[in-house]
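Worksheet for the structure shown next.
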Amino acid sequence: MGRKKIQITRIMDERNRQVTFTKRKFGLMKKAYELSVLCDCEIALIIFNSTNKLFQYASTDMDKVLLKYTEYNEPHESRTNSDIVEVSYKKTQTACAHRRTIHNLVFKLFKIKLGFFFVEYTIWQ
Numbered sequence: 001m002g003r004k005k006i007q008i009t010r011i012m013d014e015r016n017r018q019v020t021f022t023k024r025k026f027g028l029m030k031k032a033y034e035l036s037v038l039c040d041c042e043i044a045l046i047i048f049n050s051t052n053k054l055f056q057y058a059s060t061d062m063d064k065v066l067l068k069y070t071e072y073n074e075p076h077e078s079r080t081n082s083d084i085v086e087v088s089y090k091k092t093q094t095a096c097a098h099r100r101t102i103h104n105l106v107f108k109l110f111k112i113k114l115g116f117f118f119v120e121y122t123i124w125q
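So that you can map any letter, position 10 of the sequence shown is 10 in UniProt numbering, and since no number is skipped, the others follow by simple counting.
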């Protein structure tokens, strides 16, 4: 049985939401560990669940990484959920515009071919 794409919305059933949280939290921490090992970088991951229970992962020392973060003054990449949704929306709009353009071109070509077909076979025969 293959995986299917799920809709990203809040899970209403409390038990299912807790199971999903536990599995995805483990997956996220595993990815953070792999990134820190493969790329030799420092990672601090902080998660609060719906009951405000704290879960954390740090590749080195959490306090050291957080202090480094608070003292960092240069511009850096920082994203929120709304940023991610906005980028996804823009990509979708661009893809729709490209598909619309391709559809219009194919339709025009089809009309041209169909027009030539009728000109060749209706007038000459």
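We put the CB at the ideal spot given by N, CA and C, even for glycine.
Cβ pair residue i, residue j closer than 8 Å
i	j	result
TYR57	MET29	yes
LYS90	PHE55	no
ILE11	ARG3	no
Collapsed DSSP secondary structure at residue i in the structure displayed
i	result
TYR72	coil
GLN18	helix
GLN56	strand
ILE112	helix
ILE102	helix
ILE123	Confidence at ILE123 is low in this model, with a pLDDT of 49, below 50, so its placement is unreliable and no value can be given for it.
Contacts around residue i, its chain only, beta-carbon distance under 6 Å, and the 5 residues preceding and following it disregarded
i	result
GLU42	SER59, THR60, VAL65
Own chain, CB closer than 8 Å to residue i, minus 5 neighbours either side, in chain order
i	result
ALA32	ILE43, LEU45, TYR57, SER59
Selection from the options that minimises the alpha carbon distance to residue i
i	options	result
SER50	SER82, TYR72, ASP83, GLU14	GLU14
ILE47	PHE21, CYS96, THR101	PHE21
THR9	VAL85, VAL37, GLU74	VAL85
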